[in-house]
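The structure under discussion appears below in the form of structure tokens.
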Amino acid sequence: MQPNEVTDVLNRPASQELLARNIARLGYVAGDGTPRTVPIGFSWNGTEIVLCTAKNAAKVNSLRKNPAVALTIDTEAHPPKILLLRGTSTQETLDHVPDEFLQQAKGMPPEQAAAWEAEVRGLYEDGMVRIKITPSWAKLIDFETTLPSAVEELIRRKNG
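Everything in the sequence shown is counted per the working numbering, starting at 4 for the first residue and increasing by one.
This is the structure in structure tokens:
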């Protein structure tokens, strides 16, 4: 997929709505060679998905070995809106809690956000790993203007 095609998908209003959420599902190849999918908090900085995790998280070593990832960001309502992304991850080991991780408190009542931040700073006092993913492929499925590729193909065959 060409970069401008990825940008076109990411700039759609439904994609922007999904990129404003704070939980995605990260798919990667684990150290034992089997696939993994884990829910993880994220932020979108306009060009990259930013994930933050513990330095000792299993995914850190797995992504060092194989940085290829897939992400799914979706809604629970029917029909769902789904943003599928693929890319290559990069990592940066930090000696502090990154601002991107603290942004996950958005939407919490102020007292709850302050308590959460204090807990996070205590737990990750030796720092975290920041993982960045620049999408190289993107597909939006909103069941209004876009459908899964297999369903689009079935419709073309039926109407064609």
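Note that CB positions come from ideal geometry on N, CA and C, so glycine has one too.
On a predicted model such as this, the values are computed, not experimentally measured, just so you know.
Check                                                                                                      : Outcome
Whether Leu88 touches Ala141 by CB criterion (8 angstroms)                                                 : yes
Cβ pair Lys62, Val32 closer than 8 angstroms                                                               : no
Residue range of the alpha helix (DSSP H) that includes Arg160                                             : 152-162
Option in Gly49, His99, Leu143 with minimal Cα separation from Pro82                                       : Leu143
Rounded separation between Lys58 and Gly163 - CA only                                                      : 53 angstroms
Contained beta strand (DSSP E) runs [length at least 3] in the region 38-110, N- to C-terminal order       : 38-44, 52-56, 71-77, 85-96
Leu66 versus Thr78: straight-line alpha-carbon distance, rounded                                           : 26 angstroms
Candidates Arg124, Gln115, Thr56, of which the one nearest Gln94 by Cα                                     : Thr56
Best match in Lys84, Ala108, Thr75 for proximity to Ala17 [C-alpha to C-alpha]                             : Lys84
Inter-stretch contact (C-beta, 8 angstroms, three-pair minimum) for the region 94-104 and the region 44-53 : yes
Rounded separation between Arg159 and Ala153 - CA only                                                     : 10 angstroms
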